[in-house]
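Following the numbering used here, the numbering of the sequence shown begins with 4 at its first residue and continues without gaps.
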Amino acid sequence: MINDTIVALATAPLESAIGVIRVSGEECFILLDKIFDKKIKIEGHKTYFGNIVNDDEIIDEVLITTFVEPRSFTGENSFEINCHGGLFIINKIIQTCIKYGARLAQRGEFSKRAYLNGKMDLIQAEAINDMIRSTSEEESKLAVLSLKGKTSNMINEVKEKLLSIISNIEVNIDYPEYDDAEIVTKESAKLKLLELRTNIKDILKDAKTGKLIKDGIKVAIIGKPNVGKSSLLNSLLKEDKAIVTDIAGTTRDIVEGQVNLDGLKLNLLDTAGIRKDADNIEKIGIEKTLKIIEEADLILLVLDASRELDEEDYKLKELVKNKKVITVVNKTELNKENKIEGIKISAKNNEISNLIEEIKKQIGYSYNYENKPLLTNSRQIGLLEASLKNIENGLKEVEKNTPIDLVSIDLMNALNNINDILGNRSKTDLSEEIFSRFCLGK
Ligand SMILES: Nc1nc2c(ncn2[C@@H]2O[C@H](COP(=O)(O)OP(=O)(O)OP(=O)(O)O)[C@@H](O)[C@H]2O)c(=O)[nH]1
Ligand SMILES: [Mg+2]
Numbered sequence: 004m005i006n007d008t009i010v011a012l013a014t015a016p017l018e019s020a021i022g023v024i025r026v027s028g029e030e031c032f033i034l035l036d037k038i039f040d041k042k043i044k045i046e047g048h049k050t051y052f053g054n055i056v057n058d059d060e061i062i063d064e065v066l067i068t069t070f071v072e073p074r075s076f077t078g079e080n081s082f083e084i085n086c087h088g089g090l091f092i093i094n095k096i097i098q099t100c101i102k103y104g105a106r107l108a109q110r111g112e113f114s115k116r117a118y119l120n121g122k123m124d125l126i127q128a129e130a131i132n133d134m135i136r137s138t139s140e141e142e143s144k145l146a147v148l149s150l151k152g153k154t155s156n157m158i159n160e161v162k163e164k165l166l167s168i169i170s171n172i173e174v175n176i177d178y179p180e181y182d183d184a185e186i187v188t189k190e191s192a193k194l195k196l197l198e199l200r201t202n203i204k205d206i207l208k209d210a211k212t213g214k215l216i217k218d219g220i221k222v223a224i225i226g227k228p229n230v231g232k233s234s235l236l237n238s239l240l241k242e243d244k245a246i247v248t249d250i251a252g253t254t255r256d257i258v259e260g261q262v263n264l265d266g267l268k269l270n271l272l273d274t275a276g277i278r279k280d281a282d283n284i285e286k287i288g289i290e291k292t293l294k295i296i297e298e299a300d301l302i303l304l305v306l307d308a309s310r311e312l313d314e315e316d317y318k319l320k321e322l323v324k325n326k327k328v329i330t331v332v333n334k335t336e337l338n339k340e341n342k343i344e345g346i347k348i349s350a351k352n353n354e355i356s357n358l359i360e361e362i363k364k365q366i367g368y369s370y371n372y373e374n375k376p377l378l379t380n381s382r383q384i385g386l387l388e389a390s391l392k393n394i395e396n397g398l399k400e401v402e403k404n405t406p407i408d409l410v411s412i413d414l415m416n417a418l419n420n421i422n423d424i425l426g427n428r429s430k431t432d433l434s435e436e437i438f439s440r441f442c443l444g445k
């Protein structure tokens with residue numbers, strides 16, 4: 004089947020100096036011939052200067068770059084139009100392309116074609132999206148590693164090990180008389196599966212850091228009124244985002260801010276101070292605070308060093324005892340001798356570096372730029388977890404002395420899950436959804 008020709012704006016739909024329109028499809032050069040006034044001989048990667056025309060009307064003066072299959076992003080014939088970046092002109096060019104046989108691309112359709120045409124596996128395709136959306140240095144570095152196939156290699160190594168175990172078992176079952184094949188005993192199967200299990204567990208452990216780098220971590224700042232929660236938020240953000248006053252009950256609603264601490268994205272939430280005798284508006288704020296506590300990955304429980312701790316402080320400690328908590332003792336410069344346990348800071352004077360170190364320590368952030376690929380994508384992580392379960396089931400069966408051919412059912416399931424990570428199984432029924440998350444023109 005011939006792929007139809009698709010067209011989309013690849014740059015942002017904003018007025019700018021230049022806009023790039025992408026066109027892809029086996030027959031796209033027939034279209035190009037109709038809309039470009041220079042007659043060109045298509046012979047690979049070349050750029051041509053000329054006009055986009057609709058019959059006799061000149062729409063824009065452009066540069067056209069041609070890419071001949073299979074040496075193109077999508078793996079099929081394609082070209083890019085560098086036109087002037089006015090939205091009116093861009094729309095007119097796209098409409099002209101449609102008039103001469105193209106259709107508007109769906110989200111991610113260019114990447115989907117690249118994937119279907121074997122230019123990349125699914126991990127690499129998803130990395131394009133991650134790259135476009137990355138908001139920190141580390142996140143974009145990880146996306147580049149994925150795009151370059153490093154993450155795929157890591158998954159492929161697991162797959163190879165699993166395949167070798169499965170094929171050994173199959174040979175034993177199908178050709179018991181075959182002398183050259185390694186005989187799979189309960190012990191040898193167990194040993195190999197245990198090694199594989201460790202391997203996958205390590206990848207999943209690292210993936211936690213990957214997720215942290217990609218999604219950031221939700222940090223709720225809680226405490227009694229007036230202890231300096233909003234001051235701490237401002238100090239972490241290095242800007243006066245939240246209102247700070249000496250009146251208890253200043254913050255009524257949640258104030259959010261994002262900060263990048265040495266590559267670690269923190270989604271900070273400053274909350275309304277919790278106290279018993281709050282007015283009605285404050286009570287609503289406190290309700291919200293309680294909900295935020297539930298959702299947060301990390302709690303900063305702020306105490307005030309200039310006052311004695313009271314019952315309400317202890318109640319708060321109790322409230323968060325099942326969460327990951329850092330107790331922060333603020334306003335330490337007012338009472339240097341205080342014996343309150345916790346990380347001592349002064350939000351007002353921006354003395355918070357020990358807290359930043361503690362945050363990193365608490366969440367086990369240890370990525371150190373050694374070009375190590377990490378899984379960051381929930382779909383990929385979920386499938387790897389599923390394959391770990393399959394392998395663990397296989398191990399249980401081995402323990403129970405189940406015939407080895409039955410064990411291989413679990414291992415085949417593990418293999419299917421790993422193939423799905425890479426998108427190797429059945430390309431066409433892969434969900435539209437994966438690609439629909441992309442930008443237009445990608
Ligand atoms: N001396 C000193 N004062 C501080 C420090 N941090 C905050 N403050 C003061 O404490 C008062 C309360 O600070 P906020 O940051 O508004 O406190 P909050 O916990 O957000 O209060 P609510 O929003 O009412 O719950 C203000 O007057 C701040 O200037 C600190 O480290 N040292
Ligand atoms: Mg406040």
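Every residue gets a Cβ at the ideal spot worked out from N, C-alpha and C, and that includes glycine.
Taking buried to mean at least 16 other C-beta atoms within 10 Å of its own C-beta, is residue i buried or exposed?
| i | result |
| --- | --- |
| Thr-431 | At Thr-431 the pLDDT is 49, less than 50, meaning the model places this residue with poor confidence; the figure from the coordinates comes in the next sentence. Its Cβ having fewer than 16 others within 10 Å, Thr-431 is exposed. |
| Asn-156 | exposed |
| Asn-404 | exposed |
| Ser-114 | buried |
| Leu-215 | buried |
| Thr-201 | exposed |
| Ala-146 | buried |
| Leu-272 | buried |
| Glu-190 | exposed |
| Thr-379 | buried |
| Thr-154 | buried |
| Ser-381 | exposed |
Rounded to a whole number of angstroms, what is the C-alpha to C-alpha distance between residue i and residue j?
| i | j | result |
| --- | --- | --- |
| Leu-377 | Lys-217 | 10 Å |
| Lys-193 | Ala-389 | 19 Å |
| Leu-303 | Leu-293 | 14 Å |
| Asp-307 | Ala-350 | 11 Å |
| Asp-169 | Leu-267 | This sequence places Ile at residue 169; Asp is not what is there. Taking the straight line joining both Cα atoms gives about 40 Å. |
| Leu-12 | Lys-144 | 26 Å |
| Asp-40 | Arg-116 | 28 Å |
| Leu-433 | Glu-29 | At Leu-433, the pLDDT of 46 sits below 50, so the modelled position is not reliable; the number obtained from the coordinates is stated separately. In a straight line, the C-alpha of Leu-433 is about 23 Å away from that of Glu-29. |
| Asp-316 | Gly-226 | 7 Å |
| Leu-425 | Thr-188 | 31 Å |
| Glu-141 | Asn-263 | 10 Å |
| Glu-344 | Val-222 | 20 Å |
| Phe-52 | Ile-67 | 6 Å |
| Val-65 | Met-134 | 28 Å |
| Phe-91 | Val-10 | 16 Å |
| Leu-199 | Pro-73 | 37 Å |
| Lys-291 | Glu-297 | 10 Å |
| Arg-25 | Gln-365 | 46 Å |
| Leu-166 | Ile-172 | 10 Å |
Which residues bound the alpha helix (DSSP H) around residue i?
| i | result |
| --- | --- |
| Ile-289 | 283 to 298 |
| Gly-385 | 381 to 402 |
| Ala-251 | It is not in any alpha helix (DSSP H) - Ala-251 carries neither H nor E in the DSSP assignment. |
| Gly-213 | 189 to 218 |
| Asn-419 | 407 to 425 |
| Arg-136 | 125 to 136 |
| Val-147 | 140 to 150 |
| Arg-25 | First-last for Arg-25: 21 to 27, but that is the beta strand (DSSP E), not the alpha helix (DSSP H). |
| Asn-263 | Per DSSP, Asn-263 belongs to no alpha helix (DSSP H); it is in the beta strand (DSSP E), 258 to 264. |
| Glu-321 | 314 to 322 |
Quick one, which of the options has its alpha-carbon nearest residue i's?
| i | options | result |
| --- | --- | --- |
| Ile-287 | Ala-299, Glu-297, Thr-274, Asn-57 | Thr-274 |
| Pro-16 | Gly-88, Thr-154, Glu-30 | Gly-88 |
| Arg-310 | Asn-357, Asn-396, Asn-229, Val-222 | Asn-229 |
| Val-71 | Thr-50, Asp-59, Ile-24, Ile-135 | Thr-50 |
| Asp-300 | Ile-61, Ser-19, Lys-327 | Lys-327 |
| Asn-85 | Ile-55, Ser-167, Ala-245 | Ile-55 |
| Lys-375 | Ala-210, Lys-95, Lys-279, Ala-245 | Ala-210 |
| Asn-94 | Cys-31, Glu-112, Thr-138, Glu-18 | Glu-18 |
| Leu-35 | Leu-90, Thr-14, Thr-99 | Thr-99 |
| Gly-444 | Asn-270, Gly-111, Ile-92 | Gly-111 |
| Thr-138 | Asn-353, Asn-270, Thr-69, Glu-340 | Asn-270 |
Report yes if the C-beta of residue i is less than 7 Å from at least one heavy atom of ligand 4; otherwise report no.
| i | result |
| --- | --- |
| Asp-273 | Ligands displayed in this structure: ligand 1 and ligand 2; ligand 4 is not among them. |
What are the start and end residues of the beta strand (DSSP E) that includes residue i?
| i | result |
| --- | --- |
| Asp-273 | 267 to 273 |
| Ile-61 | 60 to 70 |
| Tyr-51 | 49 to 57 |
| Thr-330 | 328 to 333 |
| Leu-377 | Segment: none, Leu-377 is in no beta strand (DSSP E) and carries neither H nor E. |
Is the segment 68 to 81 close to the segment 108 to 122, with three or more CB pairs under 8 Å? yes
Would the segment 100 to 109 and the segment 127 to 137 be scored as touching if the rule is three or more Cβ pairs under 8 Å? no
Is it true that the segment 409 to 429 meets the segment 389 to 400, where meeting means three or more beta-carbon pairs spaced less than 8 Å apart? yes
Would you call the segment 231 to 242 and the segment 331 to 345 touching, i.e. three or more CB-CB distances under 8 Å? yes
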